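Numbering (the working numbering), first residue to last: 14 to 209. Even for Gly, the Cβ is constructed at its ideal location relative to N, Cα and C. Remember, predicted model here, so these are calculated numbers, not experimental data.
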């Protein structure tokens with residue numbers, strides 16, 4: 014029995030749904046080999062490709078969470094990146110594309126586990142990101158104390174040693190037009206780098 018998809022209000026919740034439904038490194042069901050993707054699948058592939066530069070997204074695996082709660086591979090890739098289309102349940106555009114190390118970091122975060130130390134990962138969100146708390150890795154909606162931020166197009170560096178982040182601002186209410194640390198002081202702190 015599949016889990017219904019809840020209303021999702023943050024990138025954290027989008028990834029949480031992904032990683033609770035799909036084990037890291039597990040095979041995801043695909044359509045019939047050699048079958049042409051449906052028009053809906055082609056639209057999701059185009060959405061996912063907006064997350065990263067064309068040379069990255071064209072060769073990336075594209076996965077999507079279905080209405081039935083099951084993860085499905087829309088297209089196999091060959092460059093080690095995995096992209097996801099915009100989640101229509103979130104308030105803003107949030108397609109994302111991540112390398113293997115970022116995928117594993119995200120799995121640790123969603124599983125409330127400590128990510129591997131010093132295993133640096135890279136994630137693209139060039140279409141922007143859904144608003145999120147800058148201090149609480151698990152917040153799903155704004156409240157008076159969780160320092161909600163709005164992010165535009167950006168890239169992220171995740172999994173670096175703690176000292177790496179000391180070079181960047183760790184303000185709970187950051188200027189999101191310059192690089193800053195999101196979720197500072199947690200095992201999931203990462204560098205947000207605006208690109209526009």
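Query: List in chain order: all unbroken alpha helix (DSSP H) runs of 4+ residues lying wholly within the region 46-118.; Result: 52-62, 67-70
Query: Taking the C-alpha atoms as reference points, what is the distance between residue 168 and residue 65?; Result: 9 Å
Query: Rounded to whole angstroms, what is the Cα-Cα separation between residue 138 and residue 170?; Result: 12 Å
Query: Taking only the alpha-carbon atoms, compute the straight-line gap between residue 149 and residue 196 and give it to the nearest angstrom.; Result: 6 Å
Query: Rounded C-beta distance between residue 71 and residue 95? I'm assuming under 8 Å.; Result: Contact flag wrong, Cβ pair sits at about 14 Å.
Query: What ranges does the beta strand (DSSP E) occupy inside the region 127-192, keeping only unbroken runs of at least 3 residues that lie completely in it?; Result: 134-138, 142-146, 161-164, 167-171
Query: Where does the unbroken beta strand (DSSP E) through residue 207 begin, and where does it stop?; Result: 203-207
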